[in-house]
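Q: In the numbering used here, the protein residues as written are 11 to 217.
Even for Gly, the Cβ is constructed at its ideal location relative to N, Cα and C.
Before I ask anything, let me first share the structure, which is written out below as structure tokens.
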């Protein structure tokens, strides 16, 4: 396994997790504090999309590192579902970032009721996203290659984020989820760095 590559990929999701926390506070500023302007919506949306893309790249490292140490069918299937759901959601987030602010100005009714089939498409992507991340988090916790607490946090925090009606409390779900992502990615980053150093030391000792 190419540990230097995994370490670089893990760094992507660490940065992505930080951006997700920033975006969560941005959404709070936008919706809870009454600053839902086109400029704020686009900036916060871009941060959110970029964070999600970086997290998705970094999760490749989390999956590969865990799977090579302890292969699991659940881990494999959950990652596939996670990847597909996240890709669909990123597409939806990109559309919402640039289309929704414009609709709020020129067609407020459309912006609030997303007509068929766009509304159904967004719901399907959200459902796959939710199932994928919950399944992946519990699968990681089961194999116990990486720390269990952030693995469970990644899965459980989404229940708070998705199940709670739009309000201040629901934002904590996104923050806890991002913390779990950063925690897992940092574990991969540190472990791959240590194993590369140990490998070099062993090579020098045998030469």
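Going straight from the alpha carbon of residue 182 to that of residue 35, what length do you get?
A: Roughly 10 Å separates the two Cα atoms.
Q: Are residue 63 and residue 100 touching if we call contact CB-CB under 8 Å?
A: In contact: residue 63 and residue 100 (Cβ atoms closer than 8 Å).
Q: Would you be able to state if there are at least three C-beta pairs under 8 Å between the segment 79-91 and the segment 47-55?
A: With a cut-off of 8 Å, the segment 79-91 and the segment 47-55 do not count as touching, because too few Cβ pairs lie within range.
Q: Would you tell me roughly how many angstroms separate the C-alpha atoms of residue 20 and residue 130, rounded to the nearest one?
A: Cα-Cα distance, rounded: 33 Å.
Q: Which residue wins for smallest C-alpha separation from residue 166, given the options 149, 150, 187?
A: Residue 166 has its Cα closest to that of 187, out of 149, 150, 187.
Q: Here's the rule I'm using: 16 or more other beta-carbon atoms within 10 Å means buried, otherwise exposed. How should residue 204 be labelled?
A: Classification of residue 204: exposed, given that the 10 Å Cβ count is below 16.
Q: Less than 8 Å between the C-beta atoms of residue 221 and residue 159, yes or no?
A: Only positions 11 to 217 of the chain appear in this structure, which leaves residue 221 out of reach.
Q: Excluding the 5 residues flanking residue 108 on each side, which residues of the same chain have their C-beta closer than 8 Å to its C-beta?
A: Same-chain partners within the cutoff: 52, 55.
Q: May I ask you to report which of helix, strand or coil DSSP gives residue 80?
A: The answer is coil: DSSP assigns residue 80 none of H, G, I, E or B.
Q: Cβ atoms of residue 74 and residue 57: under 8 Å apart, would you say?
A: Going by C-beta atoms, residue 57 is not nearer than 8 Å to residue 74.
Q: Can you give me the start and stop residues for the alpha helix (DSSP H) that residue 13 sits inside?
A: Where residue 13 is concerned, the enclosing alpha helix (DSSP H) stretches over 13-37.
Q: If we ignore side chains and look at the alpha-carbon of each, how far apart do residue 155 and residue 65 end up?
A: Whole-angstrom Cα-Cα distance: 19 Å.
Q: Would residue 184 and residue 164 qualify as a contact pair, given that the criterion is a beta-carbon distance under 8 Å?
A: Cβ distance not < 8 Å, so residue 184 and residue 164 don't count as in contact.
Q: Report, in whole angstroms, the separation of the C-beta atoms of residue 139 and residue 68, which I expect to be a contact under 8 Å.
A: About 16 Å; that fails the 8 Å criterion.
Q: Going by the CB atoms, is the gap between residue 16 and residue 198 shorter than 8 Å?
A: Yes, they are a contact pair.
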